[in-house]
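Taken in sequence, the protein lines are chains V and B. For the first sequence, numbering that gives the first Met the number 0 begins at 0 and goes up steadily by one. For the second sequence, numbering that gives the first Met the number 0 begins at 0 and goes up steadily by one.
Protein chains: 2
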Amino acid sequence: MTTTTSSVHAPAVRRLTAKGEATRARIVEAASALVFAHGVTRTGVEDVQREAGVSASQLYHYFGDKQTLMRAVIAHQTTAVLAAQQPELDALDTFEALERWRDRLVALQRSRHCVGGCPIGSIAAEIADDDPEARADLVAGFEQWEAPLRSGLTTMRERGLLADDADPDRLALALLAALQGGLLLTQTRRTTVPLETALDAVIELIRGYAA
Amino acid sequence: MTTTTSSVHAPAVRRLTAKGEATRARIVEAASALVFAHGVTRTGVEDVQREAGVSASQLYHYFGDKQTLMRAVIAHQTTAVLAAQQPELDALDTFEALERWRDRLVALQRSRHCVGGCPIGSIAAEIADDDPEARADLVAGFEQWEAPLRSGLTTMRERGLLADDADPDRLALALLAALQGGLLLTQTRRTTVPLETALDAVIELIRGYAA
DNA sequence: GTGTTGTTGGAGCGACCGCTCCAGAATGAG
DNA sequence: CTCATTCTGGAGCGGTCGCTCCAACAACAC
Numbered sequence: 000m001t002t003t004t005s006s007v008h009a010p011a012v013r014r015l016t017a018k019g020e021a022t023r024a025r026i027v028e029a030a031s032a033l034v035f036a037h038g039v040t041r042t043g044v045e046d047v048q049r050e051a052g053v054s055a056s057q058l059y060h061y062f063g064d065k066q067t068l069m070r071a072v073i074a075h076q077t078t079a080v081l082a083a084q085q086p087e088l089d090a091l092d093t094f095e096a097l098e099r100w101r102d103r104l105v106a107l108q109r110s111r112h113c114v115g116g117c118p119i120g121s122i123a124a125e126i127a128d129d130d131p132e133a134r135a136d137l138v139a140g141f142e143q144w145e146a147p148l149r150s151g152l153t154t155m156r157e158r159g160l161l162a163d164d165a166d167p168d169r170l171a172l173a174l175l176a177a178l179q180g181g182l183l184l185t186q187t188r189r190t191t192v193p194l195e196t197a198l199d200a201v202i203e204l205i206r207g208y209a210a
Numbered sequence: 000m001t002t003t004t005s006s007v008h009a010p011a012v013r014r015l016t017a018k019g020e021a022t023r024a025r026i027v028e029a030a031s032a033l034v035f036a037h038g039v040t041r042t043g044v045e046d047v048q049r050e051a052g053v054s055a056s057q058l059y060h061y062f063g064d065k066q067t068l069m070r071a072v073i074a075h076q077t078t079a080v081l082a083a084q085q086p087e088l089d090a091l092d093t094f095e096a097l098e099r100w101r102d103r104l105v106a107l108q109r110s111r112h113c114v115g116g117c118p119i120g121s122i123a124a125e126i127a128d129d130d131p132e133a134r135a136d137l138v139a140g141f142e143q144w145e146a147p148l149r150s151g152l153t154t155m156r157e158r159g160l161l162a163d164d165a166d167p168d169r170l171a172l173a174l175l176a177a178l179q180g181g182l183l184l185t186q187t188r189r190t191t192v193p194l195e196t197a198l199d200a201v202i203e204l205i206r207g208y209a210a
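Structure, rendered in structure tokens:
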């Protein structure tokens with residue numbers, strides 16, 4: 000129970016050919032792009048078929064139903080989001096790295112003209128209350144995100160960059176929350192100002208713990 | 000242009016009877032509750048009809064289409080959200096008021112068992128990119144929210160509670176972003192910890208500006 | 001080659017969606 | 001009372017939704 004893989008008797012596939020793997024990947028990528036652009040509910044299975052260039056039977060061959068597909072989308076977007084924050088995210092152990100990470104996030108949203116929020120957060124807001132299994136995946140996704148933040152801050156404290164009374168757990172969570180809220184407001188207002196302000200505020204708080 | 004009322008030729012009603020006003024209100028309230036629980040897209044017009052106890056023709060008599068109804072929901076929820084934060088929100092001019100406000104928000108989410116995020120923020124995440132008019136309403140809603148935060152912090156600075164280099168605009172925006180992000184993570188993780196941590200972080204930053 | 005399993009195409013079903021339409025009942029103005 | 005306007009009930013239409021089914025093709029194991 001509470002396995003990270005799909006639950007009981009997923010109509011998914013046991014073994015996948017190289018070709019099948021490619022088809023499956025194309026479906027997930029197409030679905031991810033559409034969900035990012037229009038949300039889960041507004042993304043129809045038929046839209047995914049068209050975008051991925053597959054037939055209905057192919058889609059339902061690899062994913063038993065839409066819910067399963069959406070869980071695959073969550074997994075895919077989690078990986079993509081973390082990758083988009085590299086290399087800074089995995090070594091957030093100096094104030095300079097923290098600032099570069101902040102700048103990268105802001106630049107990314109600016110390049111998107113502030114359209115679209117967080118690929119994971121948006122899904123969370125839409126289906127966290129309605130799909131328990133997806134919610135578990137989202138919790139895991141956020142945890143994968145928070146972990147490197149926590150680890151970077153911990154390293155900073157160990158190296159004496161942060162005072163002993165700085166709490167890496169608290170600060171990492173505050174950072175993630177500021178990021179999510181900043182993204183939402185940036186998406187709504189179509190300005191990167193909220194994202195910048197939210198991140199800068201928490202970073203300033205962290206700087207207050209500089210040793 | 001950019002009026003706050005509905006735009007060109009809204010099929011809405013010119014004059015409303017007392018009875019009509021009541022019916023309209025019932026529809027908006029039912030729709031608001033359903034949207035809060037299940038989101039915009041998952042809320043069917045038929046669901047609203049059932050919940051409000053009205054027929055299809057009634058609903059379309061008061062609201063030309065679903066989009067118009069959703070804009071009314073945004074307006075209604077904006078009022079409701081602000082009301083739920085009173086009396087603190089309108090007088091956030093001491094640290095004590097700030098803490099009471101924080102406690103009220105946390106208690107509210109706890110009483111909901113962390114189900115459902117921000118009534119406005121959730122809608123924003125879902126349709127900000129797809130409905131330009133709704134997005135404008137949401138921007139206005141957030142502004143109505145941010146204004147008292149800004150005004151409270153400004154008062155604190157004027158009274159000498161905050162140093163001159165404290166920027167009420169920045170801090171108010173950071174507070175709102177932390178709140179939104181905290182609510183999203185709290186909704187996803189089903190714990191009030193993220194909300195508490197996010198708000199406490201920004202409040203701690205503000206306290207750093209205490210004169 | 002043969003059999004098994006993975007892969008693909010495409011028609012189509014039942015349910016639900018937002019919305020329309022028309023006729024009748026209630027209401028307010030004169 | 002008269003009449004225009006507002007309000008209500010309910011059937012139903014065209015479209016879309018998630019999904020099923022069946023038959024054929026391709027790839028791999030032996």
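Using N, Cα and C, we set each Cβ at its ideal position, and we do this for glycine too. Note that this is a predicted model, so its numbers are computed, not measured.
Annotation: Cβ neighbours of E203/V in chain B (cutoff 7 Å, chain order): L204. In this structure D163/B is exposed. Its beta-carbon is surrounded by fewer than 16 other beta-carbon atoms within 10 angstroms. When Cβ-Cβ separations below 8 Å define contact, T67/V makes no contact with chain B. In the structure shown, L161/V adopts extended strand secondary structure according to DSSP, grouped into three states.
Residue environment for D89/B: exposed (fewer than 16 other C-beta atoms within 10 angstroms of its C-beta). Taken in chain order, the unbroken stretches of alpha helix (DSSP H) that lie wholly in the region 24 to 63 of chain V and span 4 residues or more are 44 to 51, 55 to 61. Close to F141/V, with beta-carbon spacing below 8 Å, are these residues of chain B in chain order: L184, T187, R188. By the criterion of a C-beta distance shorter than 8 Å, L194/V is surrounded in its chain by L104, V105, Q108, L178, G181, L182, L184, T185, once the five residues flanking it on both sides are discounted. At a cut-off of 8 Å between C-beta atoms, Q48/V does not count as an interface residue with respect to chain B. Annotated as distal: A173/V and A176/B, with beta-carbon spacing of 8 Å or more. Contact annotation for R103/B against chain V: no contact, minimum CB-CB distance about 18 Å [criterion: below 8 Å]. Nearest in C-alpha terms to R23/B, of all of H112/B, V72/B, A36/B, is V72/B. The beta-bridge partner set that DSSP reports for A209/V consists of L161/V. Within chain B, no residue has its beta carbon less than 9 Å from that of D64/V; the closest one is some 16 Å off.
Judged by DSSP secondary structure, Q76/V falls within the alpha helix (DSSP H) whose first and last residues are 65 to 83. Every alpha helix (DSSP H) of 4 residues or more that sits fully in the region 114 to 175 of chain V is shown, in chain order, as 118 to 126, 131 to 157. Straight-line spacing of the CA atoms in G43/B and V34/B works out to 9 Å. For the pair T77/V and G38/V, the CB atoms are not nearer than the 8 Å cut-off.
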